[in-house]
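Engineer:
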Ligand SMILES: NC(=O)c1ccc[n+]([C@@H]2O[C@H](COP(=O)([O-])OP(=O)(O)OC[C@H]3O[C@@H](n4cnc5c(N)ncnc54)[C@H](OP(=O)(O)O)[C@@H]3O)[C@@H](O)[C@H]2O)c1
């Protein structure tokens with residue numbers, strides 16, 4: 008990511024707004040005659056942003072800084088963020104373990120929701136006060152763990168009344184991922200059986216909602232007994248705890264010895280190897296996480312004789328590589344399910360932006376019941 012001050016939109020637009028505004032700046036209250044109630048860009052208002060200047064443990068390296076509030080230019084909207092989910096990918100990025108290490112200093116975050124607080128020229132369809140959700144990539148890699156962001160209007164969608172701000176700020180990464188993996192890539196049919204690891208994760212729980220909706224079954228793999236019991240109490244079927252049993256034997260018992268045709272693995276290591284061993288002839292597995300941190304050791308024999316397909320999945324890449332006309336209906340379908348209450352992101356705890364260190368620790372504490380969200 009390029010430092011936000013030097014990225015085209017926010018900073019250069021802000022300088023243009025300085026020249027344009029004739030209102031008298033009032034410290035902390037925006038400009039008298041500005042049509043931007045929160046400040047027009049002329050004001051020296053500062054906003055809080057979370058950033059890190061060195062890679063490391065999130066609780067050690069993340070800090071809250073003050074930076075100038077950006078102003079929206081033509082076609083842009085400024086959003087006062089009210090919710091930003093903390094995802095494992097955000098924390099991997101802080102540790103420098105998520106693909107290419109980010110340029111420093113860097114502000115993390117992707118999923119976010121809030122309220123429109125200023126509208127630039129030539130924007131139609133949004134007004135100050137509207138509740139909105141940011142589409143993934145809306146900030147162009149400038150992060151969302153900050154008070155306000157300026158984004159292109161077309162990267163916003165109205166927040167459905169059925170979703171709280173916290174749920175809206177935790178929707179896209181997980182629900183888009185499950186949809187793309189199960190529906191677009193694996194095309195799990197009605198009546199099919201999909202194996203998923205880290206089934207107690209927020210993404211895993213979202214997959215349970217999708218499986219109910221589309222009528223396919225799941226083999227839900229977790230690492231802790233308490234989580235296995237929790238998922239069973241929630242009605243989850245075929246729960247396997249890797250601390251108690253080997254996955255391939257259980258899968259053989261569930262499938263009459265055949266194995267599963269579809270699997271998604273977020274863990275890797277020995278769990279990932281057991282997932283591959285559990286695949287049926289012609290089976291397909293998407294690797295989409297590396298929670299274990301260790302390599303998957305593969306026996307070439309079963310892979311070639313069963314003609315297995317093991318493929319990576321990265322949502323960012325899918326969004327970049329998929330034509331907008333194919334992405335749009337997927338987004339609309341997910342919003343539709345959120346509106347109807349089929350998709351309900353669970354929220355564990357909310358922390359103010361200023362308590363980001365406590366928030367990132369909570370986001371990795373076993374036993375949480377939903378996404379951890381940063382609020383104003
Ligand atoms: N590739 C993509 O585009 C993409 C997109 C979205 C998400 N993801 C990945 O999907 C995974 C789940 O994301 P999330 O936001 O739903 O996570 P989350 O809610 O933070 O949950 C993480 C889950 O993983 C389990 N876990 C952690 N380390 C583990 C290990 N070594 N072995 C087995 N289980 C382990 C945790 O179990 P405990 O409760 O026992 O700690 C917890 O249930 C992450 O790996 C994330 O990076 C990938």
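In my numbering, the protein residues as written are 8 to 383.
By construction, the Cβ of each residue, glycine as well, lies at the ideal position given by its N, Cα and C atoms.
List the endpoints of the continuous beta strand (DSSP E) containing residue 418.
Structural biologist: As displayed, the chain neither begins before 8 nor continues past 383, which places residue 418 out of reach and without an answer.
Engineer: Enumerate in chain order the residues of its own chain whose CB-to-CB distance from residue 72 is below 7 angstroms, with the five nearest sequence positions on each side excluded.
Structural biologist: Once the five neighbours on either side are set aside, the close Cβ partners of residue 72 are 56, 58.
Engineer: Pairing CB atoms from the stretch 151–164 with CB atoms from the stretch 180–195, are three or more of them under 8 angstroms?
Structural biologist: At 8 angstroms Cβ cutoff, the stretches do not touch.
Engineer: Please confirm if residue 280 has its CB atom under 8 angstroms from at least one CB of chain B.
Structural biologist: Of the protein chains in the structure, only one exists, and it is not chain B.
Engineer: Taking 7 angstroms as the cut-off, does the CB of residue 281 come closer than this to any heavy atom belonging to ligand 3?
Structural biologist: Only ligand 1 can be found as ligands here, which leaves ligand 3 out of the picture.
Engineer: Within this structure, are the beta carbons of residue 91 and residue 326 separated by less than 8 angstroms?
Structural biologist: No, these two residues do not count as a Cβ contact at 8 angstroms.
Engineer: Can you list the beta strand (DSSP E) stretches of 3 or more residues lying completely in the stretch 301–366, in chain order?
Structural biologist: Entirely contained in the stretch 301–366, the beta strand (DSSP E) runs reaching 3 residues are, in chain order, 316–319, 354–359.
Engineer: Compare the C-alpha of residue 153 against each of 362, 244, 304, 377 and name the closest.
Structural biologist: Minimum Cα distance to residue 153 is reached at 362.
Engineer: Considering only residues of the stretch 78–106, which uninterrupted alpha helix (DSSP H) runs meet the minimum length of 4 residues and lie entirely inside it, listed in chain order?
Structural biologist: Qualifying alpha helix (DSSP H) stretches, in chain order: 95–101.
Engineer: Report the three-state DSSP secondary structure of residue 258 (helix, strand or coil).
Structural biologist: Residue 258 falls in the helix class under three-state DSSP.
Engineer: Rounded to a whole number of angstroms, what is the C-alpha to C-alpha distance between residue 124 and residue 295?
Structural biologist: Near 36 angstroms, if we compare the C-alpha coordinates of residue 295 and residue 124.
Engineer: Tell me the DSSP secondary structure of residue 291 in three-state form.
Structural biologist: In this structure, residue 291 counts as strand in the three-state DSSP scheme.
Engineer: Would you mind giving the Cβ-Cβ distance between residue 248 and residue 270, rounded to the nearest angstrom? I have them listed as a contact below 8 angstroms.
Structural biologist: Contact doesn't hold; Cβ gap of about 17 angstroms is too wide.
Engineer: Determine the closest residue to residue 383 out of 172, 136, 133, 142, with distance taken between C-alpha atoms.
Structural biologist: Nearest C-alpha to residue 383: 172.
Engineer: Cutting at 6 angstroms between CB atoms, please list the residues of its own chain near residue 288, excluding the five before and the five after it.
Structural biologist: Once the five neighbours on either side are set aside, the close Cβ partners of residue 288 are 313.
Engineer: So what does DSSP say about residue 230, is it helix, strand or coil?
Structural biologist: Coil at residue 230, not helix or strand.
Engineer: Thinking C-alpha only, which one of 93, 264, 204, 206 is nearest residue 151?
Structural biologist: It is 93 whose Cα lies nearest to the Cα of residue 151.
Engineer: Alpha carbon to alpha carbon, what distance is there between residue 368 and residue 348?
Structural biologist: Approximately 30 angstroms, taken between the alpha carbons.
Engineer: How would you label residue 318, buried or exposed, when you count the other beta carbons within 10 angstroms and need 16 or more for buried?
Structural biologist: Exposed: under 16 other Cβ atoms inside 10 Å.
Engineer: Starting from residue 378 and walking both ways along the beta strand (DSSP E), at which residues does that stretch end?
Structural biologist: That run of the beta strand (DSSP E) goes 378–382.
Engineer: Please report the straight-line C-alpha distance between residue 237 and residue 130, rounded to a whole angstrom.
Structural biologist: So the alpha carbons of these two residues sit roughly 47 angstroms apart.
Engineer: Mapping the DSSP letters down to three states, classify residue 218 as helix, strand or coil.
Structural biologist: Residue 218 falls in the helix class under three-state DSSP.
Engineer: Which same chain residues end up closer than 6 angstroms to residue 142 when comparing Cβ atoms and leaving out the 5 residues on each side of it in sequence?
Structural biologist: Around residue 142: 162.
Engineer: Return yes when the Cβ of residue 89 is within less than 8 angstroms of the Cβ of residue 136, no when it is not.
Structural biologist: Result no, Cβ atoms of residue 136 and residue 89 do not sit closer than 8 angstroms.
Engineer: What is the DSSP secondary structure of residue 161, counted as helix, strand or coil?
Structural biologist: Residue state, collapsed to three classes: helix.
Engineer: Using C-beta distances below 7 angstroms, list every residue in its chain close to residue 197, excluding the 5 sequence neighbours before and after it, in chain order.
Structural biologist: Contacts found: 221, 222, 223.
Engineer: From the DSSP output, read off the bridge partner residues of residue 286.
Structural biologist: Paired residue(s): 267.
Engineer: List the residues that DSSP assigns as beta-bridge partners of residue 136.
Structural biologist: DSSP, once it has assigned bridges, lists no residue as partnering residue 136.
Engineer: Under 8 angstroms by Cβ, that's how I've got residue 355 and residue 379 pegged, so tell me the actual separation to the nearest angstrom.
Structural biologist: The pair is a contact, with the Cβ atoms about 5 angstroms apart (cut-off 8 angstroms).
Engineer: Less than 8 angstroms between C-beta atoms, sequence neighbours within five positions excluded: which residues of the same chain meet that for residue 164?
Structural biologist: Closer than 8 angstroms at the Cβ level, and outside the excluded window around residue 164, lie 139, 140, 142, 338, 342.
Engineer: Thinking C-alpha only, which one of 147, 132, 100, 215 is nearest residue 297?
Structural biologist: Answer by Cα proximity: 100.
Engineer: So what's residue 55 in DSSP terms, helix, strand or just coil?
Structural biologist: Residue 55 falls in the strand class under three-state DSSP.
Engineer: Could you say if the stretch 298–305 and the stretch 263–279 meet the contact criterion of at least three C-beta pairs nearer than 8 angstroms?
Structural biologist: Touching, per the Cβ criterion.
Engineer: Mind checking whether residue 377 and residue 345 have CB atoms under 8 angstroms apart?
Structural biologist: No. Outside cutoff.
Engineer: Could you tell me how far apart the beta carbons of residue 76 and residue 52 are, in whole angstroms, since I believe they sit closer than 8 angstroms?
Structural biologist: The Cβ separation is near 5 angstroms, so the contact holds.
Engineer: One question on the structure: do residue 199 and residue 268 come within less than 8 angstroms of each other, judged by their Cβ atoms?
Structural biologist: In contact: residue 199 and residue 268 (Cβ atoms closer than 8 angstroms).
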